[in-house]
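Numbering (my numbering), first residue to last: 20 to 468.
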């Protein structure tokens, strides 16, 4: 334990950003977190048919609440959850009239988080983590990065020139730059590659036959507008704005409650991963129950406002790991930015002009950092890879995850993705296989104010 604390002290990072960096730099860091989450967060509503501005608002609101619920200690951003995409599509099929049922399911999924948070609070993190030890959560975090990698590469394929410029900028900033510049790799990667894209578009928009910058989102925009909160909200069932069908509602609730398992595993994994990145044991302080409660409340509110289910975002864990800015106020600022930006149509339009290839290039590196953070939590927990029990559990999680992600299992109207199946398989194997001797250390990486 002494060795762990020594290691933590050796890599302390920035823990009081306003004191060590100043207000202006902290605002930039918050902005960086917004850009880091934006690609994935916006992609989810675009796929499922939800409103992007509502998504930005609910993600920001959830992040702000999470900051206070976790006692201002965890630098986490709540973004749109990929785990629920399959469930949403199976219920609504992209039809706007069915989206309130998806939001209703989201509310109940958030309630499951709160129930589990209460159980963790009641019986203690130590006992619950015998169900979710690092040998289960870490490979789930690694798996999430591997699953997302396909999305990152696919986004890059539309213009590998811009993607490689973004990736190269990330490398240069991280390896050769110093001071404040080194703390903004994601923001600078997007800025440099976007500037190149704008220049090429103005000079020769058909250069190399590739897609560069499309400025059409700026046409006929409103500078300021209020997001249409009632558009997909289940509150519409009560006010008569949406027609209620009990059969569809029941199917949505059951589906989202079952799929919430994958979301919960992600929250447990990210809580461990962000702790490993920050050299702090957030499982103990502020506690896993606080993380689950923050995510659950954020998800329930997202559903009530007509947004998509939230989750603790791995992309921002990658930013924290890369920049070593451990001050949770950076993500609080990001949450506030997200709320404000949801009311500005001009920002929404600007973001929509950023090519997917740029976001994909940045995401590839961030996803790699996520995978490394998963491995780091395994290393910190001193998981024994000579123990065949651990090897088998990890092997099943990784292979089931990748395999069933490509070929999901559908039972009735419920679709189980690789993340959900692998998480369930890992939990069951950990419980039934002999040798579950994981001992959660409450004092590891103890936080001192």
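Ideal placement from N, C-alpha and C gives every residue a C-beta, glycine not left out. Fair warning: this is a prediction, and the values are worked out from it, not measured in the lab.
Looking at C-beta atoms only, is the number of pairs between the stretch 417 to 425 and the stretch 392 to 402 that lie closer than 8 Å three or more?
The answer is no - the stretch 392 to 402 does not touch the stretch 417 to 425, with fewer than three Cβ pairs under 8 Å.
Within a Cβ cutoff of 7 Å, which residues of the same chain sit near residue 408, ignoring the five residues on either side of it in sequence?
So the list reads 452 and 454, once near-sequence residues are dropped.
Under 8 Å: do the stretch 123 to 142 and the stretch 270 to 283 share three or more Cβ pairs, one atom per stretch?
Taking 8 Å as the limit for Cβ pairs, the verdict is that the stretch 270 to 283 does touch the stretch 123 to 142.
Please report how far the alpha carbon of residue 301 lies from the alpha carbon of residue 85, in whole angstroms.
Taking the straight line joining both Cα atoms gives about 13 Å.
Let me make sure I understand the geometry here. Which of 430, 83 and 448 has the alpha-carbon closest to that of residue 314?
Per the Cα distances, 83.
Which residue marks the beginning of the beta strand (DSSP E) containing residue 156, and which one marks its end?
From DSSP, residue 156 is part of no beta strand (DSSP E) but of the alpha helix (DSSP H) over 153 to 175.
Reducing DSSP to helix, strand and coil, say where residue 239 ends up.
The answer is coil: DSSP assigns residue 239 none of H, G, I, E or B.
Can you tell me whether residue 456 is buried or exposed, with buried defined as 16 or more other CB within 10 angstroms of its CB?
Exposed.
Cα separation between residue 28 and residue 294?
Legend: pLDDT at residue 28 = 43, less than 50; position of this residue unreliable, value from coordinates given subsequently. Taking the straight line from one Cα to the other gives about 14 Å.
Tell me which residues share the same chain as residue 89 and place their Cβ nearer than 8 Å to its Cβ, disregarding the 5 neighbours each side in the sequence.
Closer than 8 Å at the Cβ level, and outside the excluded window around residue 89, lie 95, 301, 305, 309, 310, 313 and 347.
Could you say if the stretch 130 to 143 and the stretch 252 to 269 meet the contact criterion of at least three C-beta pairs nearer than 8 Å?
In short, these stretches do not touch, since the Cβ pair count stays below three.
Does the Cβ-Cβ distance between residue 332 and residue 339 come in under 8 Å?
Result no, Cβ atoms of residue 332 and residue 339 do not sit closer than 8 Å.
Pairing CB atoms from the stretch 369 to 380 with CB atoms from the stretch 174 to 183, are three or more of them under 8 Å?
With a cut-off of 8 Å, the stretch 174 to 183 and the stretch 369 to 380 count as touching, because enough Cβ pairs lie within range.
Taking all protein chains shown into account, do 16 or more other C-beta atoms lie within 10 angstroms of the C-beta of residue 406, making it buried, or fewer, making it exposed?
Burial call: exposed.
Does residue 97 come out as helix, strand or coil in the three-state DSSP assignment?
Note: residue 97 maps to strand in three-state DSSP.
Can you check the stretch 83 to 149 for any alpha helix (DSSP H) of at least 4 residues that lies completely inside it and give the ranges in chain order?
The stretch 83 to 149 contains these whole alpha helix (DSSP H) runs: 104 to 111, 118 to 142 and 144 to 147.
Could you compute how far the alpha carbon of residue 138 sits from the alpha carbon of residue 429?
Using only the alpha carbons, I get a separation of about 30 Å.
Please name the residue, chosen from 41, 32, 72 and 35, that lies closest to residue 356 on a Cα-to-Cα basis.
Residue 356 has its Cα closest to that of 72, out of 41, 32, 72 and 35.
Going by DSSP, name the residue or residues bridged to residue 428.
435.
Output yes or no for whether 8 Å exceeds the beta carbon distance between residue 250 and residue 325.
Yes, they are a contact pair.
Is the Cβ-Cβ distance between residue 77 and residue 321 less than 8 Å?
Contact flag set, yes.
Between residue 297 and chain C, is the shortest Cβ-Cβ distance under 8 Å, so that the two count as touching?
Given the protein chain composition of this structure (a single chain), no chain C is represented.
Given a cut-off of 8 Å on the beta-carbon distance, is the pair residue 271 and residue 134 in contact?
Result no, Cβ atoms of residue 271 and residue 134 do not sit closer than 8 Å.
Could you check how far apart the C-beta atoms of residue 390 and residue 164 are, in whole angstroms? I think they sit under 8 Å.
Between residue 164 and residue 390 the Cβ distance is about 4 Å, and since that is below 8 Å, they are a contact.
Opposite residue 363 in the DSSP bridges: which residues?
The partner list for residue 363 (beta bridge, DSSP) reads 243.
For the structure I just gave you, are there three or more beta carbon pairs, one from the stretch 149 to 159 and one from the stretch 363 to 372, closer than 8 Å?
Touching, no.
Do residue 102 and residue 330 have their C-beta atoms within less than 8 Å of each other?
Cβ atoms of residue 102 and residue 330: closer than 8 Å.
The alpha helix (DSSP H) with residue 285 in it runs from where to where?
Residues 265 to 297.
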